[in-house]
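Chains as they are written, first to last, in the numbering used here: chain A, 1 to 112; chain B, 113 to 224.
Here is the structure we will look at.
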Amino acid sequence: IAGITQAPTSQILAAGRRMTLRCTQDMRHNAMYWYRQDLGLGLRLIHYSNTAGTTGKGEVPDGYSVSRANTDDFPLTLASAVPSQTSVYFCASSDEQGYGYTFGSGTRLTVV
Amino acid sequence: GNSVTQMEGPVTLSEEAFLTINCTYTATGYPSLFWYVQYPGEGLQLLLKATKADDKGSNKGFEATYRKETTSFHLEKGSVQVSDSAVYFCALIDNYGQNFVFGPGTRLSVLP
Chain A
1 IAGITQAPTS QILAAGRRMT LRCTQDMRHN AMYWYRQDLG LGLRLIHYSN
51 TAGTTGKGEV PDGYSVSRAN TDDFPLTLAS AVPSQTSVYF CASSDEQGYG
101 YTFGSGTRLT VV
Chain B
113 GNSVTQMEGP VTLSEEAFLT INCTYTATGY PSLFWYVQYP GEGLQLLLKA
163 TKADDKGSNK GFEATYRKET TSFHLEKGSV QVSDSAVYFC ALIDNYGQNF
213 VFGPGTRLSV LP
């Protein structure tokens with residue numbers, strides 16, 4: 001089934017630990033994105049990648065890093081988690097025109 | 113920069129009531145406009161879109177018209193159902209296909 005797969009579905013993480021959220025798409029979309037969703041703030045862009053080998057910073061990039069070694073995978077890494085990173089994280093991908101925007105089902109992360 | 117403003121929720125309606133969720137935007141150029149829906153525990157799904165002024169997007173009984181003169185894209189449905197209970201996000205993407213911007217979301221609860 002074409003779409004985006006995120007893992008894990010949920011995670012409780014101790015502050016200071018390193019964590020990588022995984023995202024894989026099988027639609028051959030060039031562009032991929034990571035958002036966090038917080039109550040009252042909607043979705044905020046963390047990082048994006050317009051094509052394999054390139055990445056860029058979004059609205060709230062601090063404390064996060066990404067890589068885009070190939071078209072399908074776009075992992076998000078928290079090098080040293082803090083409680084303010086407790087959120088629901090959504091990965092998305094789109095075609096060049098931005099119209100085929102597809103979201104994953106999200107990862108609920110709690111940092112304690 | 114680009115921005116999207118939505119009416120604050122939550123919105124609570126009885127089944128078969130008329131729904132309007134207001135959305136206004138600020139953007140340079142000629143953005144494309146979208147409504148996304150997020151059902152409980154799921155990711156975002158595209159509900160409808162409009163790519164130019166006066167276009168009307170429609171899907172599942174929902175409609176929204178791109179009004180450039182009022183910079184609005186209000187979501188309407190003539191008769192809501194309990195199954196429409198979800199969070200609705202208005203969003204835009206600029207005419208370069210970059211910088212996807214979401215509103216904060218409006219939670220709709222439909223009571224039987």
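Glycine is no exception: its CB is placed at the ideal position from the N, C-alpha and C atoms.
Scanning B:200, B:222, B:224 for the CA closest to the CA of residue 117 (chain B) turns up B:200. The Cβ atoms of residue 91 (chain A) and residue 6 (chain A) sit closer than 7 Å to each other.
The continuous stretches of beta strand (DSSP E) do not include residue 151 (chain B), and DSSP gives it neither H nor E. Contact of residue 41 (chain A) with chain B by beta-carbon distance below 8 Å involves 216. Residue pairing by DSSP places residue 37 (chain A) opposite A:43, A:88 in a beta bridge.
Its Cα nearest to that of residue 52 (chain A), the residue A:24 stands out among A:84, A:24, A:83.
Scanning its chain for C-beta atoms nearer than 7 Å, with the 5 sequence neighbours on each side dropped, one finds around residue 139 (chain B) the residues 114, 204, 206, in chain order. According to the DSSP assignment, residue 101 (chain A) belongs to no beta strand (DSSP E), since it is labelled neither H nor E. For the stretch 143-163 of chain B, the set of positions with a beta-carbon nearer than 9 Å to some beta-carbon of chain A reads 144, 146, 148, 150, 153, 154, 155, 156, 157, 158, 161, 163 in chain order. Inter-residue distance for residue 30 (chain A) and residue 213 (chain B) is about 19 Å (C-alpha atoms, whole angstroms).
Chain-order list of chain A residues neighbouring residue 174 (chain B): empty, with the shortest C-beta distance near 17 Å, by a criterion of under 8 Å.
In this structure, residue 21 (chain A) sits away from residue 101 (chain A), with a CB-CB distance that is not shorter than 7 Å.
The stretch 116-132 of chain B makes no contact with the stretch 77-84 of chain A; the number of CB pairs closer than 8 Å stays below 3. With respect to chain B, the C-beta atom of residue 106 (chain A) has a partner C-beta closer than 7 Å.
Listed in chain order, the non-local C-beta contacts of residue 217 (chain B) below 6 Å within the same chain comprise 199, 201, local neighbours out to five positions each way being set aside. Within the DSSP secondary-structure output, residue 66 (chain A) pairs in a beta bridge with A:76.
DSSP places residue 112 (chain A) in the coil class of the three-state scheme, outside both helix and strand. Residue 66 (chain A) and residue 36 (chain A) do not touch by the CB rule: their CB atoms are close to 13 Å apart, not below 8 Å. In the DSSP annotation of this structure, the continuous segment of the beta strand (DSSP E) that includes residue 171 (chain B) starts and ends at 168-171. A residue is called buried when at least 16 other Cβ atoms come within 10 angstroms of its Cβ; residue 112 (chain A) does not meet this threshold and is exposed. Secondary structure at residue 195 (chain B): helix, using DSSP grouped into helix, strand and coil.
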